[in-house]
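Quick notes on the structure that follows.
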Amino acid sequence: MREPALWGEHGWRRGGGTRVVEEQIIFRQQGHGLPLVTYPSKEGLKRWQLMLCCLSLTPLGLMTDVAQAQSTTHAQTTPAGRPTHPVAVGAPPPAKPAPTVARGVTEVDVGARRADFAFPQAQHDPDATTRLSADLLRERDVTTLRGLEHVAPNLTMQSINGTASTNFYLRGAGFNDFTQNNMPPVLTYMDDVAYAYPAMSNGLMFDLAEAEVEPGPVGTKHGQSTTGGEVRLRSNDPTTTWHYGGMEDIASYARSRSEAYVSGPLAKGWSFRLAGQTRQGGGWQYNPSNGAHLGDADLWALRGKLRWQPNDRTTIQLGGHFVQDNSQVVTAVPVDRLIGTQPLPDYGMGRQATWSARPEFANLVGRGAGLKPSEHNQYWGADLRIIHDFGPATFTAISAFETERQGEYTDQDGTALSQADTYRTIDANVFTQEARLNGAALHGRLNWVVGAYYQRSRMNQRFFFDYTDYTARGYMMATSFGMNQESVSEFGNVSYKLPHNVTLWAGLLHELDDRGITGLTSQIFGGKTQNFMPESTAANQFAGQVGVSWQFLPQALLYYKMSKGFKPGGFTANNTQVQAQLDPFKPETVLTYELGLKSDPVPGRLRLNAAAFYNDFHNQQVVGTVLIPNYGPLSEITNAPKSESWGFEGTLEAHPFGHLFVLQNIGWQRGNFQDFPNVDRAATNAYHKATNQWKAIERNFNGVDNGSPKLTLNGSATWRQPLPAGYRLDMGPDWQYRGSQAITVGGTGFYRLPPYFLLGAHVTLHSPSQLWDITAYARNILDRRYAESGGMATTTYFYIPGEPRFIGGRIACHF
203 MREPALWGEH
213 GWRRGGGTRV
223 VEEQIIFRQQ
233 GHGLPLVTYP
243 SKEGLKRWQL
253 MLCCLSLTPL
263 GLMTDVAQAQ
273 STTHAQTTPA
283 GRPTHPVAVG
293 APPPAKPAPT
303 VARGVTEVDV
313 GARRADFAFP
323 QAQHDPDATT
333 RLSADLLRER
343 DVTTLRGLEH
353 VAPNLTMQSI
363 NGTASTNFYL
373 RGAGFNDFTQ
383 NNMPPVLTYM
393 DDVAYAYPAM
403 SNGLMFDLAE
413 AEVEPGPVGT
423 KHGQSTTGGE
433 VRLRSNDPTT
443 TWHYGGMEDI
453 ASYARSRSEA
463 YVSGPLAKGW
473 SFRLAGQTRQ
483 GGGWQYNPSN
493 GAHLGDADLW
503 ALRGKLRWQP
513 NDRTTIQLGG
523 HFVQDNSQVV
533 TAVPVDRLIG
543 TQPLPDYGMG
553 RQATWSARPE
563 FANLVGRGAG
573 LKPSEHNQYW
583 GADLRIIHDF
593 GPATFTAISA
603 FETERQGEYT
613 DQDGTALSQA
623 DTYRTIDANV
633 FTQEARLNGA
643 ALHGRLNWVV
653 GAYYQRSRMN
663 QRFFFDYTDY
673 TARGYMMATS
683 FGMNQESVSE
693 FGNVSYKLPH
703 NVTLWAGLLH
713 ELDDRGITGL
723 TSQIFGGKTQ
733 NFMPESTAAN
743 QFAGQVGVSW
753 QFLPQALLYY
763 KMSKGFKPGG
773 FTANNTQVQA
783 QLDPFKPETV
793 LTYELGLKSD
803 PVPGRLRLNA
813 AAFYNDFHNQ
823 QVVGTVLIPN
833 YGPLSEITNA
843 PKSESWGFEG
853 TLEAHPFGHL
863 FVLQNIGWQR
873 GNFQDFPNVD
883 RAATNAYHKA
893 TNQWKAIERN
903 FNGVDNGSPK
913 LTLNGSATWR
923 QPLPAGYRLD
933 MGPDWQYRGS
943 QAITVGGTGF
953 YRLPPYFLLG
963 AHVTLHSPSQ
973 LWDITAYARN
983 ILDRRYAESG
993 GMATTTYFYI
1003 PGEPRFIGGR
1013 IACHF
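Count along the sequence shown from 1, then add 202; that gives the number in my numbering.
Pasting the structure below:
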């Protein structure tokens, strides 16, 4: 019989040369690149002691995905039978999935040595995708979409006015969609379902298997076309053996996060997974004038999957989720007064803040007295996927229906006055249908995929504004509108592997998009009501990609690709005063050139991936300014006819010696407007301050920086220390830096968010069986005061402060 697996200099390795013929417990260690780790059963192991760990938790908790072990293959697959990482264009097709086996294995090869870096197969994919394991996401405390900027290069993700809604900026592509009725330049996918509106993913980042961030134009192999890239989230799938687990996380400011899951078989060919989470507390802002408290989370979510595999060629899976979010939000801190003479509170970016809501306004929007800045949101959705392997080709169909019901209150002026108090309601639903066929020929040298994608969305929004304390207005008002959208696209991609490990590929996408805004009214309560004419816009565009890759060494890949991306136009529908504000902005296109290298110069010791890019934008969609006579400046989404950006990103992973593992991401980008005539908001505001008159100061922002952070850094260092009796201790710091960012075109001074640096740390004790672990961690150890995002209200410019220092602990069990 073989000796037990040992922890050596390079990780788990076998002690002998035969096969173990006894019960094994097998887990997938994605975060540290452990495809298979096997542990022989120990005589006298008291399972009840491990179970007690989970039973002592609160009702919900977290679990890493349990590995699937097979005697014939070690491939890890999704319901579609695809690898958990994207398949490289031109790579041989993956092996067909075999039945999942996780416990009770009678014969297992324990000869697999631990890989020091995760996702080794992805090193042969010609892309700049950042792949993130569930372990890394948990270690870095990434529990929301915004947290992804802590672990990916050239990515900035920010809340909209402190709420759960999110804006994306990737390689300089992105804009502040404060009305949340337009398609973002960076799309979010959950289990291969595209979310047309980022808020729909709120509350769903639990029980994850992995996440990916892919920059640049996409859409020729699946889903929908866009210009900035994709964020793909994958949750854990049902298993054919029983597994369950839980997690409890308690931290500063009475924050509690709990997660749990259970997964297993129901009958022959049938399996399921049910997971849930709750989040409570954690509010850290307070009002120094009355001691009121703000920011507590109040969220719960459930996700379920039911899978039927009638045979080894067919998988049918039904999924669904529900999220209820009644959390309070982070409120704004004013940094400059645009209109009026009232003094602003001098709070800086600390914990102090001021907010207000008049009872009359709370009654108008249907909320109770004492309303605080908060969410009142509900999201639910369902999806059905059918996958069948015909042999020469595999067919995949994904149908999904997603809804959002939002009620969101923000005090955007950040004072005790009612000058820009805003309440927004959204009632939206999206239906999507994707069908694709992929296959391989010529012994895997030729790979192809063809498919089609359909999307239909309906949205109704209403914005309520309280301007009672703004002397130039002195009223409450509301803007209401509806939005109808429909699009269809066809896509295809083909690659061919030439001699000498050279692969050529090409992809093409055609998309038709039609959207319109209807029923827009602007009502002053106690005053006049304006009705506006409907507007519509349509687009008929092509996008595509061509590229070549060369695997010039077994551990080194060089690639070059050119991509054209397309993103449809849309509307700015917020505080509408004149019909011209409803003129649609145009579609955005970009031509991207990318050169990349993926390498393991010293296998198992050093990995270096890098990519350089250049983006040539036409009609880039940006947030500009429109001046309404006798009213003031308002933000609007418009087009910069010509702009460009360029830069690079890189990821370094190192295991220089012993038990030290280092990860470092770096992103650098620059961008300029080459032609962008618009209102200079800073000059217009300055003119008003000097003359008390509104006059649009026009300029062309040719040569002006695009405002995105130039430098982003994030990384971590971990020391993995073996302990007696098979325990292991992981410990180390992590860090993040984000450069300054403009909140208005050409912004300087307070019109630009300052740069910041954050430091964190963690220490985790792993059990010998890997069935439980205990973690202590700290975020923002130095208690830095910084601005996470910012914007403009009617009378003030404001910042949204970032979180202060959080210290917490986490315990997780899984069986």
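All residues carry an ideal CB built from backbone N, CA and C; glycine is no exception.
Bear in mind that the values here come from a model prediction, so they are computed numbers and not experimental data.
Between which two residues does the beta strand (DSSP E) carrying residue i extend?
{"i": "Arg348", "result": "No beta strand (DSSP E) holds Arg348; DSSP gives it neither H nor E."}
{"i": "Asn902", "result": "900-902"}
{"i": "Leu504", "result": "499-513"}
{"i": "Phe815", "result": "808-830"}
{"i": "Met994", "result": "989-994"}
{"i": "Gln325", "result": "No beta strand (DSSP E) contains Gln325, which DSSP labels as neither H nor E."}
{"i": "Asn369", "result": "368-372"}
{"i": "Asp394", "result": "Segment: none, Asp394 is in no beta strand (DSSP E) and carries neither H nor E."}
{"i": "Thr723", "result": "704-726"}
{"i": "Val433", "result": "431-437"}
{"i": "His424", "result": "Counting along the chain, His424 falls outside any beta strand (DSSP E), and DSSP gives it neither H nor E."}
Name the residue from the options whose alpha carbon lies nearest to the alpha carbon of residue i.
{"i": "Leu165", "options": "Asp451, Pro387, Tyr446", "result": "Nothing can be reported for residue 165: it is not among the residues displayed for the chain, which extend from 203 to 1017."}
{"i": "Asn489", "options": "Thr443, Asn880, Pro547, Glu846", "result": "Pro547"}
{"i": "Thr598", "options": "Phe1008, Leu372, Asp623, Asn640", "result": "Asn640"}
{"i": "Met148", "options": "Gly771, Val537, Thr670", "result": "Residue coverage of the chain in this structure runs from 203 to 1017, which leaves residue 148 outside it and unanswerable."}
{"i": "Gly430", "options": "Gln972, Phe819, Asp585, Trp472", "result": "Phe819"}
{"i": "Leu760", "options": "Val906, Asn492, Gly798", "result": "Gly798"}
{"i": "Arg701", "options": "Gly709, Gly721, Ile719, Leu648", "result": "In the sequence as presented, Arg is not what sits at residue 701; that position holds Pro. The shortest C-alpha separation from Pro701 is found at Leu648."}
{"i": "Ala813", "options": "Thr422, Arg981, Glu851, Phe787", "result": "Glu851"}
{"i": "Tyr672", "options": "Ala741, Glu838, Arg539, Val696", "result": "Arg539"}
{"i": "Thr390", "options": "Asp379, Phe408, Glu414", "result": "Glu414"}
{"i": "Asn1079", "options": "Arg348, Pro355, Arg342, Thr345", "result": "With the chain represented from 203 up to 1017, any question about residue 1079 goes unanswered, as that position is not in the structure."}
{"i": "Thr345", "options": "Arg481, Val420, Ala330, Arg373", "result": "Arg481"}
{"i": "Arg872", "options": "Arg373, Asn363, Val353", "result": "Arg373"}
{"i": "Val651", "options": "Gly718, Thr533, His424, Pro956", "result": "His424"}
{"i": "Tyr988", "options": "Gly941, Ala775, Thr977", "result": "Gly941"}
{"i": "Tyr655", "options": "Asn686, Thr617, Ala602, Asp668", "result": "Ala602"}
Quick check on the DSSP output: the alpha helix (DSSP H) that includes residue i runs from which residue to which?
{"i": "His890", "result": "883-893"}
{"i": "Asp337", "result": "336-341"}
{"i": "Glu416", "result": "Segment 410-417 is the beta strand (DSSP E) holding Glu416; no alpha helix (DSSP H) there."}
{"i": "Pro561", "result": "561-566"}
Quick one: is residue i buried, meaning 16 or more other Cβ sit within 10 Å of its Cβ, or exposed?
{"i": "Gln895", "result": "exposed"}
{"i": "Thr634", "result": "buried"}
{"i": "Ala324", "result": "buried"}
{"i": "Asn383", "result": "buried"}
{"i": "Ile1009", "result": "exposed"}
{"i": "Met551", "result": "buried"}
{"i": "Glu900", "result": "exposed"}
{"i": "Asp514", "result": "exposed"}
{"i": "Pro387", "result": "buried"}
{"i": "Leu357", "result": "buried"}
{"i": "Pro512", "result": "exposed"}
{"i": "Phe229", "result": "With a pLDDT of only 32 at Phe229, under the threshold of 50, the placement of this residue in the model should not be trusted, and no figure is reported."}
{"i": "Pro786", "result": "buried"}
{"i": "Gly568", "result": "exposed"}
{"i": "Lys730", "result": "exposed"}
{"i": "Tyr929", "result": "exposed"}
{"i": "His645", "result": "exposed"}
Per DSSP, which residues does residue i bridge with? Please list them.
{"i": "Tyr762", "result": "Val750, Leu797"}
{"i": "His590", "result": "Thr516, Phe597"}
{"i": "Gln530", "result": "Ser576"}
{"i": "Leu619", "result": "Per DSSP, none; premise fails for Leu619."}
{"i": "Pro1003", "result": "Ala989"}
{"i": "Ile628", "result": "Gln608, Gln663"}
{"i": "Ala919", "result": "Val864"}
{"i": "His964", "result": "Gly934, Tyr979"}
{"i": "Ser465", "result": "His445, Arg475"}
{"i": "Leu639", "result": "Phe597, Val652"}
Between residue i and the ligand COA, is there a pair consisting of the residue's CB and a ligand heavy atom that are separated by less than 7 Å?
{"i": "Met735", "result": "This structure lacks the ligand COA, and indeed carries no ligand of any kind."}
Output the residue ranges of the alpha helix (DSSP H) runs that lie fully inside the region 645-701 and measure 4 residues or longer, sorted by chain position.
-> For the alpha helix (DSSP H) assignment, the region 645-701 encloses no uninterrupted run of at least 4 residues.
At which residue ranges does the region 834-883 contain complete alpha helix (DSSP H) runs of 4 or more residues, listed in the order of the chain?
-> Note on the region 834-883: there is no whole alpha helix (DSSP H) run with a minimum of 4 residues.
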